[in-house]
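*Asks:*
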Amino acid sequence: MVSGLLSHPRRGMAMRFVDSYLRKPHLLLSLVLLAAFIGLVGWKSMPVNLFPDSERPQIAVVTVYPGAASGDVESEVSRPIEKEVSTIENVRRVTSTSKDEVSVVNVEFEYSKGLEAAATDTANALSKISSQLPRDIQSPMVFKVSSATPAVLTLALRPKPKSPLDLSMVRELADNRIKEWLLQLPQVSNVEVFGANQPIIRVTVDPVRLDSYGLTPQSVQTALAAFNSNRPLGLVINKSSQFLFKLTGEFGDVREVGAIVVVHRQNGDVHLRDVATVSRSVVEPQSAYHANGEPAIAINIERAPSGHALNTFQSVMSALPKLERMYPGIAFSVPDNQGELIKLSVGNMQDALRDAIIMTVLVIFLFLADIRLMLLAAISIPFTYLLTFAAMWLGGYEFNLVTLTAIIVAVGMLLDDAIVVLENIERHYKAEGKNLHDAAVGGTEEVMLAIFSGTYATVMVLVPIIFIGGYVQTVLRPFAVTLVIALLASYVVSVTIIPLLAPLLLRSSEARRRNLIERLAHRFDTGVIDPLRGVYIRLVGTALRHPWVFLISALIALGLSLRQMPIVGRDLMPPMDTGIVKISAQMYPNTSLAATDSALTEMEHRIRSHQEVVSISSTIGSEPAVISFGPGRTAQQFDATVHLVDRFHRKATIWQIENKIRSELSRIPGVQYLDIYDYGATPLSTIGAPVDVMVSGSNLSELQRLGDEVSGRLKANVRGLTSIRSSWRLDSRELAFHIVPERAALYGISPAAVAGQIQGAIRGLPSSIYRIPNEDGIFLWAQFPSKWRKEHSQIMDYRIQTPNGAVPLAAFGSLTSQVAPAVITRQGLQRTLDIKAYRAKQSITYLQEQIASAISKIPLPPGYSISHEGEIKLLQESFKQLMMALVLGMMLLYFSLVPAFKSWVHPLTIMTAIPFGIIGAIWGMLITNNHSSMPAMMGMILLAGIVVKNSILLIDFIEEARAGGQTMEDALVGSVRIRTRPILMTAVGTAVGMIPIALGWAIGLERLAGLAVVAIFGLMVSTFLTLIYVPVFYRLFDGMVVRIGRLFRSPHKLSATESEELP
4 MVSGLLSHPR RGMAMRFVDS YLRKPHLLLS LVLLAAFIGL VGWKSMPVNL
54 FPDSERPQIA VVTVYPGAAS GDVESEVSRP IEKEVSTIEN VRRVTSTSKD
104 EVSVVNVEFE YSKGLEAAAT DTANALSKIS SQLPRDIQSP MVFKVSSATP
154 AVLTLALRPK PKSPLDLSMV RELADNRIKE WLLQLPQVSN VEVFGANQPI
204 IRVTVDPVRL DSYGLTPQSV QTALAAFNSN RPLGLVINKS SQFLFKLTGE
254 FGDVREVGAI VVVHRQNGDV HLRDVATVSR SVVEPQSAYH ANGEPAIAIN
304 IERAPSGHAL NTFQSVMSAL PKLERMYPGI AFSVPDNQGE LIKLSVGNMQ
354 DALRDAIIMT VLVIFLFLAD IRLMLLAAIS IPFTYLLTFA AMWLGGYEFN
404 LVTLTAIIVA VGMLLDDAIV VLENIERHYK AEGKNLHDAA VGGTEEVMLA
454 IFSGTYATVM VLVPIIFIGG YVQTVLRPFA VTLVIALLAS YVVSVTIIPL
504 LAPLLLRSSE ARRRNLIERL AHRFDTGVID PLRGVYIRLV GTALRHPWVF
554 LISALIALGL SLRQMPIVGR DLMPPMDTGI VKISAQMYPN TSLAATDSAL
604 TEMEHRIRSH QEVVSISSTI GSEPAVISFG PGRTAQQFDA TVHLVDRFHR
654 KATIWQIENK IRSELSRIPG VQYLDIYDYG ATPLSTIGAP VDVMVSGSNL
704 SELQRLGDEV SGRLKANVRG LTSIRSSWRL DSRELAFHIV PERAALYGIS
754 PAAVAGQIQG AIRGLPSSIY RIPNEDGIFL WAQFPSKWRK EHSQIMDYRI
804 QTPNGAVPLA AFGSLTSQVA PAVITRQGLQ RTLDIKAYRA KQSITYLQEQ
854 IASAISKIPL PPGYSISHEG EIKLLQESFK QLMMALVLGM MLLYFSLVPA
904 FKSWVHPLTI MTAIPFGIIG AIWGMLITNN HSSMPAMMGM ILLAGIVVKN
954 SILLIDFIEE ARAGGQTMED ALVGSVRIRT RPILMTAVGT AVGMIPIALG
1004 WAIGLERLAG LAVVAIFGLM VSTFLTLIYV PVFYRLFDGM VVRIGRLFRS
1054 PHKLSATESE ELP
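For the sequence shown, the residue numbers in our numbering are 4 to 1066.
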C-alpha cells in the first residue's frame, strides 16, 4: 500500500507554487517584511507581567459591626450574606472569616463569570437581605478581587528627621492629597492607604461630670450630630429669580465644638465643654505598618485588571521624584514591589533566549559544517520571531514567563523546518548536481508538505490546551498559542525565505574550500555522524530480522519506566526561588497591639541581620475599607514580605535562608505560630497553604478537638512539613456581662438601653463628621478617657442613667470571663477549621499520601467531615483536564494524519514514537529531581508533537521510495541512511535550545523547568529509538494490512508490492 504523503499531483502543485514565488518574489517579500515591521512594533509595545492572570473572579464583602464579638458577627452578618450570595449563578465557592467587629465574605466565581457582572450580582444579592442584617452595621463594602488586587508596589511614607510632620499628619496628607495625585498617573487603577494614625476630633467625656448632670454618652453623641449639619430647605422663587435656601450648621472651627448645647435646663444650658474636652487625635489603632523596621504609612498602588504590572511600576517610579519635591518633609521609600522582580526575570529570559539561539546555531553548524549554511538557517530566527510578535501583539497577548518560555522552546523547533529544507536543498545541489534555482525548487517542494504535516501534527496536540477550560487553560493557553504562532511562522519562513535566499549563499564545494573551523566541524560529521548512521543501519537490519525481540524489550522498558511514576511524585506548580520570603505570625490571644508591634520590631531586627536581605514590608492587623493589605487579620496577627538579593548573587537558596530565619524567629516570646514560605508557594490566592486539611461541622469545641487530632497526627507521621497550624482556636478571652431582665425592669430601663450607654462609653462612636474643604472629613468621636476603660472593675462602677436615677452597672447583672475563637471561618455554609501546613520542595502527592494515611482512621461524629483542600484539590482537577487534553491531542493527531497519508494504519506507525518519548521523560524527571507537574505534563503533550515530526520524515521517505519501485527492505534501510542526519540535527538543536529553561537561567523559570526536562530527555530517547523502531513498526503494520487484505481478495488480485509481504 503506497499512498505517500506527497502524491504526484500534490508534488506538481507544490513545485509550480515554489517556482512561481521564487521567480517573482516581490509580493512575498512585501508581505513578510510588512509582518516583520508589525512584529518589531509589537516587540516594543507588548506589555510585560510576571505570569498570566490566573485568578478566578472574586468578590469580597466586608461588613463592619461595631462592638460585636466574632460569634455575633458570624451568626448575624456572615451567615445571612453567605446564604444569599450562594444563590448567584456560576458561584464556585463561598467562604467567610468572622472576627470581632468585622465580617469578610469571599465569593469565588467560575472563570466564565465576568468580574463586573460578579460585582453587580453580589450587590443585588446584598440589597435583598439588607433588612435582615443588624441595624448597627455599617453598609457592606463590595470589593472586586483579581490578579490585579495585589499591589504592584508599596510606597512607605514617614516624616524626615527635624520635619514638623508626624505620622498622623502624613496619614492625612496620604489620604487627601497624595492618593488623589497618584490616581491621576497612567496605568494606576486604585490606591489604598494603610498604617493606622487616622486623624479624628476626640471628644473625651468625663463620666463623673456627665453623671452629675444626669446625662448619658448618647446625649453627647446626639448633640454632636444635631448641631453639626447643613440641610437643604428648598427653593425661594419669585417672578424674576429663584434662590436655594439652606441651613448652615456645620462647625467651621474645632473650637466651636465645645460651645454646643447638650441639654437645655431652667438653671442653665449644659454645654459640651462642661462634660467633655475636645482635641485633635488619632483613632485608637488596631493596625500598624513598618517599612524596613520603622513605623510608616503605606500606600498600595494597584493596576487595572486589564493593565500590566511593569507599566504601572514604571509610571509610578518615574513620577516619584516629583512627589518627593512636592512633599519635602516626607521620606518616601519602596519596600515592596513586583516591578523589580518582573524586570529582572524578563531580562534573564532575554539572556536565556540569546543563549538558546547561540547554542542552537552552533549545533546546526556542527552538523552542517558550513558557515554559509549556518547563517542561512539562522536567518529564519529573526523573521520567525518578528512574525510571532506581530500575531501576539495583534491578538492582545503579553510577555510573561509563560509566553517567553514558549518563545525559547520554539528556538530549536523553528529551526527544524529550516534545517530540513536547507539540508534537502543542499542535497539536491551537491549530491544530485542541480543548478541553484532547481535545487531550491526541488529541495523545497520535496519536503514542503511533509514539513507542513509535522508542523500541523504539533499544532494539533497543542490545540486542546487552548480550549480545555479551567486553571489549566488560563495558565497554559498563552504558552500553547504562542508556540502555535511560532511554529506556523517558522513553516512560512522555511518554505519562502530559506529557498529565496539559498541560491544567494550556496556555492559548489569546488568553488570554495572549507576554512579551519568548517573542517573541524566536518570531522564531527565524518567521525561521529557517519559511524552512528552505520550503527543505526545495522541495528535496523537486526531489528527487522528479529522484530519481536526488540518489541518485547521496548515494552519492558516502558513498563519499568511507568513504575517509577510514584517515585517521581506530582506537583501542581513547582516551587521557585524568586528571592521573596513571606512571613505570617500570630501572637497569643488578647495580646495588645503594642506588644505585637514590639515582637514584630524584634523579628525585623533579626531578619535584617542577614546580609542577603534588601528590604522588609510588614503589616499588623487590618483596616476594614482596605482590601489589598488583607482584610481578615486581627491585632495579634502580622505579615511581612522580605526581599532578598536575587539567587544569582547569593550562595544560599531561599529555602535555606527560610530555615535560618525560622529557627531564629521561633525563639521570640509571645509568638503562638509562625509560617515562613516563599513567594508563590501556592499558585492561587484562594489556596491558603499547599497543605490544607479542612474539618467541617457545627460545634466549635468539637471542631477544635478534631483539629487537634489532625494536627497531632500530621506532626507525628508526616515528614517534609515546615509548619503546621490551625486557622483558629478557642483561646481568646472575652468579658461577658449577663444582665438580669428583672433588675433592668425594676429600674425602668431596657437591656438595650443599658448596652447603648456602655457601648458609647467604652468603644465610643463616630458621632458626626468635621468637614474640611477639598479633603476627607474627620470623625468626631465621643468616648470615655482610656483610664476608665482599662479595668473591668471601673466599668462595673459606671453609673447607668435610668428613670429612677443613676445606678452602677453592677446592679444590673454579673460579669464573667469566657473563651471564644478570635476568628471563625466558614465554607459551604458550614463552620470549618483548617489545619494548614507549608513545605520545602517535597512533591505534594508525597505529602498527601502520608497525610491520607495519618488521618484515615480518625472517628468522626455524625455531621462532621474532613476534606483535603489546598493545592492537592486543584492538582487533581488540573491533572484530569491535562489527561483529557492529552487524549484529545492524540485523537486530533491521529485523525489529522489519516488524510495526509491516506491510511488508517501508518498514522499509528508514526505515533509509536510517543511511548519512547515517555520513557525518556520519566527518567529525565527522576535524574533531575523534577516532579511531574502541570508544566511537565505540558512538556509531555509538546513532546508528542515534536517526536512525530521525526517519524513523519521517515515514513514519508519510505512511502516515496516504495512508490519509486524500491523494495520494502531497501526503503526502510534507505530512510535511516538518508534521514539520520537531519533527524539528529533537529532533535539535538531542539533539545539544546531548551537547556536554559531546564537549568532555570531566569528568576522564576524553575517553575517551568519540568517542561523542558521532559521535552529534552523524551526527545533524546525517542530520537534514538525512533530510528530503529519506526521501520520495524512500519513493516509489521504494513504486513498486517496485507494479511487482512488477503482475507478478502484472491492472491492473483494482489499488487506486486503487497505480494512482496506474503510469506
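We put the beta carbon where it would ideally sit given N, CA and C, even for glycine.
Answer with buried or exposed for Arg283, where buried requires no fewer than 16 other C-beta atoms within 10 angstroms of its C-beta.
*Replies:* By 1-based counting over the sequence shown, the position of residue 283 is 280. With fewer than 16 Cβ atoms within 10 Å of its Cβ, Arg283 is classed as exposed.
*Asks:* Give me the Cα-Cα distance between Ile501 and Glu429, rounded to the nearest whole angstrom.
*Replies:* Translated into the one-based positions of the sequence shown, residue 501 becomes position 498. Translated into the one-based positions of the sequence shown, residue 429 becomes position 426. Answer to the nearest angstrom: the Cα atoms are 12 Å apart.
*Asks:* CA-CA distance, Ser820 and Glu705?
*Replies:* Indexing the sequence shown from 1 puts residue 820 at position 817. Indexing the sequence shown from 1 puts residue 705 at position 702. Looking at the two C-alpha atoms, the distance is approximately 21 Å.
*Asks:* Which residues in the same chain as Arg306 place their Cβ atom closer than 8 Å to its Cβ, once the five residues preceding and following it in sequence are excluded?
*Replies:* For the purposes of this step, residue 306 is identified with residue 303 of the sequence shown, where counting begins at 1. Counting only Cβ-Cβ distances below 8 Å, and skipping sequence neighbours, we find Ala151, Val155, Gln190, Val191, Ser192, Ala312, Asn314, Thr315.
*Asks:* If we count the other Cβ atoms within 10 Å of its Cβ and call it buried at 16 or more, is Gln639 buried or exposed?
*Replies:* In the sequence shown, the residue the question calls residue 639 occupies position 636. By the neighbour-count rule (16 or more Cβ atoms within 10 Å), Gln639 is buried.
*Asks:* Should Trp791 and Ala764 be called a contact, given that it needs their Cβ atoms to be closer than 9 Å?
*Replies:* Along the sequence shown, read from residue 1 onward, the residue named residue 791 stands at position 788. Along the sequence shown, read from residue 1 onward, the residue named residue 764 stands at position 761. Cβ distance < 9 Å, so Trp791 and Ala764 count as in contact.
*Asks:* With DSSP run on the structure shown, which of helix, strand or coil describes Ile619?
*Replies:* Taking the first residue of the sequence shown as 1, we reach residue 619 at position 616. In the structure shown, the three-state DSSP call for Ile619 is strand.
*Asks:* Opposite Glu305 in the DSSP bridges: which residues?
*Replies:* Locating residue 305 in the sequence shown gives position 302, counting from the first residue. BP columns for Glu305 point to Asn193.
*Asks:* What span of residues does the alpha helix (DSSP H) with Ser256 cover, start to end?
*Replies:* Residue numbering aside, residue 256 sits at position 253 when the sequence shown is read from its first letter. Position check: residue 256 holds Asp in this sequence, whereas Ser was assumed. Unbroken run through Asp256: none, as it is neither H nor E.
*Asks:* Three Cβ pairs or more, each shorter than 8 Å: is that satisfied between the region 405-413 and the region 452-459?
*Replies:* no
*Asks:* To the nearest angstrom, how far is the alpha carbon of Ala255 from that of Ser73?
*Replies:* Position 252 of the sequence shown, counted from the first residue, corresponds to residue 255. Position 70 of the sequence shown, counted from the first residue, corresponds to residue 73. According to the sequence displayed, residue 255 carries Gly and not Ala. Roughly 39 Å separates the two Cα atoms.
*Asks:* Quickly, what does DSSP pair Tyr400 with across the bridge? List them, please.
*Replies:* For the purposes of this step, residue 400 is taken as residue 397 along the sequence shown, with counting starting at 1. None, per the DSSP bridge assignment.
*Asks:* Comparing C-alpha positions only, which one of Ser618, Gly723, Glu448, Leu1011 sits nearest to Phe20?
*Replies:* Locating residue 20 in the sequence shown gives position 17, counting from the first residue. Taking only the C-alpha atoms, the option nearest Phe20 is Glu448.
*Asks:* What first and last residue would you give for the alpha helix (DSSP H) that runs through Pro69?
*Replies:* Taking the first residue of the sequence shown as position 1, residue 69 is located at position 66. From DSSP, Pro69 is part of no alpha helix (DSSP H); its letter is neither H nor E.
*Asks:* What residue range does the alpha helix (DSSP H) around Lys346 cover?
*Replies:* Working through the sequence shown from its first residue, we reach residue 346 at position 343. Element bounds for Lys346: 342-371.
*Asks:* Between the C-alpha atoms of Glu259 and Val266, what's the straight-line distance to the nearest angstrom?
*Replies:* Here residue 259 refers to the residue found at position 256 of the sequence shown. Here residue 266 refers to the residue found at position 263 of the sequence shown. Glu259 and Val266: Cα-Cα distance of roughly 16 Å.
*Asks:* Start and end of the alpha helix (DSSP H) containing Ser101?
*Replies:* Sequence index remark: in the sequence shown, residue 101 carries index 98 (1-based). Ser101 -> not in any alpha helix (DSSP H); beta strand (DSSP E) instead, spanning 94-102.
*Asks:* Around the Cβ of Met894, are there at least 16 other Cβ atoms within 10 angstroms (buried) or fewer (exposed)?
*Replies:* The residue you call residue 894 lines up with position 891 of the sequence shown. Classification of Met894: exposed, given that the 10 Å Cβ count is below 16.
*Asks:* Beta-carbon within less than 6 Å of Ser99's beta-carbon, same chain only, minus the 5 sequence neighbours each way: which residues are those?
*Replies:* Working through the sequence shown from its first residue, we reach residue 99 at position 96. Same-chain partners within the cutoff: Ser81, Glu85, Val108, Arg829.
*Asks:* Alpha carbon to alpha carbon, how far is Ile875 from Trp658? Give it in angstroms, no decimals.
*Replies:* Position 655 of the sequence shown holds residue 658. Position 872 of the sequence shown holds residue 875. Distance between the alpha carbons of Trp658 and Ile875 is about 21 Å.
*Asks:* So, does the region 475-495 touch the region 973-991, judging by three or more C-beta pairs under 8 Å?
*Replies:* With the cut-off at 8 Å, the region 475-495 and the region 973-991 do not touch.
*Asks:* Given that a residue counts as buried once 16 or more other Cβ atoms are within 10 Å of its Cβ, and exposed if not, what is Ile181?
*Replies:* Taking the first residue of the sequence shown as position 1, residue 181 is located at position 178. Result: buried.
*Asks:* With a floor of 4 residues, list each alpha helix (DSSP H) that falls wholly inside the region 568-652, ordered by position along the chain.
*Replies:* DSSP assignment within the region 568-652 yields the following whole alpha helix (DSSP H) runs of 4 residues or more, N-terminal first: 568-571, 596-611.
*Asks:* Check Phe246 in the structure and name its three-state DSSP category.
*Replies:* The residue labelled residue 246 in the question sits at position 243 within the sequence shown. In this structure, Phe246 counts as strand in the three-state DSSP scheme.
*Asks:* Does the distance from the CB of Val97 to the CB of Ala126 come in under 9 Å?
*Replies:* Here residue 97 corresponds to residue number 94 of the sequence shown, with the count starting at 1. Here residue 126 corresponds to residue number 123 of the sequence shown, with the count starting at 1. No, these two residues do not count as a Cβ contact at 9 Å.
*Asks:* Applying the 10 Å Cβ sphere with the 16-neighbour rule, what's the burial state of Thr251?
*Replies:* Position 248 of the sequence shown, counting from 1, holds the residue named residue 251. The residue is exposed, with fewer than 16 neighbouring Cβ atoms inside 10 Å.
*Asks:* Roughly how many angstroms lie between the CA atoms of Ser796 and Gly816, to the nearest whole one?
*Replies:* As a working mapping, residue 796 is identified with position 793 in the sequence shown. As a working mapping, residue 816 is identified with position 813 in the sequence shown. When rounded, the distance between both Cα atoms is 13 Å.
*Asks:* Beta-carbon within less than 6 Å of Val281's beta-carbon, same chain only, minus the 5 sequence neighbours each way: which residues are those?
*Replies:* As a position in the sequence shown, residue 281 is number 278, starting the count at 1. These residues qualify, in order along the chain: Val206, Val260, Gly261.
*Asks:* May I ask you to report which of helix, strand or coil DSSP gives Pro235?
*Replies:* Position 232 of the sequence shown holds residue 235. Pro235 falls in the strand class under three-state DSSP.
*Asks:* Among the residues of its own chain, which have a CB less than 8 Å from the CB of Asp580, if the five just before and after it don't count?
*Replies:* Looking up residue 580 in the sequence shown gives position 577. Cβ within range, chain order: Arg650, Thr656, Ile657, Trp658, Asp681, Ile1006, Glu1009.
*Asks:* For the structure I just gave you, are there three or more beta carbon pairs, one from the region 896-916 and one from the region 720-732, closer than 8 Å?
*Replies:* no
*Asks:* Mind listing, in chain order, the continuous alpha helix (DSSP H) runs of no fewer than 4 residues lying wholly within the region 875-951?
*Replies:* For the region 875-951, the full-length alpha helix (DSSP H) segments reaching 4 residues or more read 909-914, 916-931 along the chain.
*Asks:* Give me whichever residues DSSP pairs with Asp272 in a beta bridge.
*Replies:* Counted from its first residue, the sequence shown places residue 272 at position 269. In the DSSP output, where bridge partners are listed per residue, Asp272 has none listed.
*Asks:* Please state the DSSP three-state secondary structure of Gly7.
*Replies:* Here the question's residue 7 lines up with position 4 in the sequence shown. Here the model assigns Gly7 a pLDDT of 44, short of 50, so the residue's position is not dependable, and the following value carries that caveat. Note: Gly7 maps to coil in three-state DSSP.
*Asks:* So the alpha helix (DSSP H) Arg665 belongs to, where does it begin and stop?
*Replies:* As a position in the sequence shown, residue 665 is number 662, starting the count at 1. From DSSP, the alpha helix (DSSP H) with Arg665 extends over 657-668.
*Asks:* Have a look at Ile1099 and Tyr867 and give me their C-alpha separation to the nearest angstrom.
*Replies:* Beyond the ends of the chain as shown, which are 4 and 1066, falls residue 1099; an answer cannot be given.
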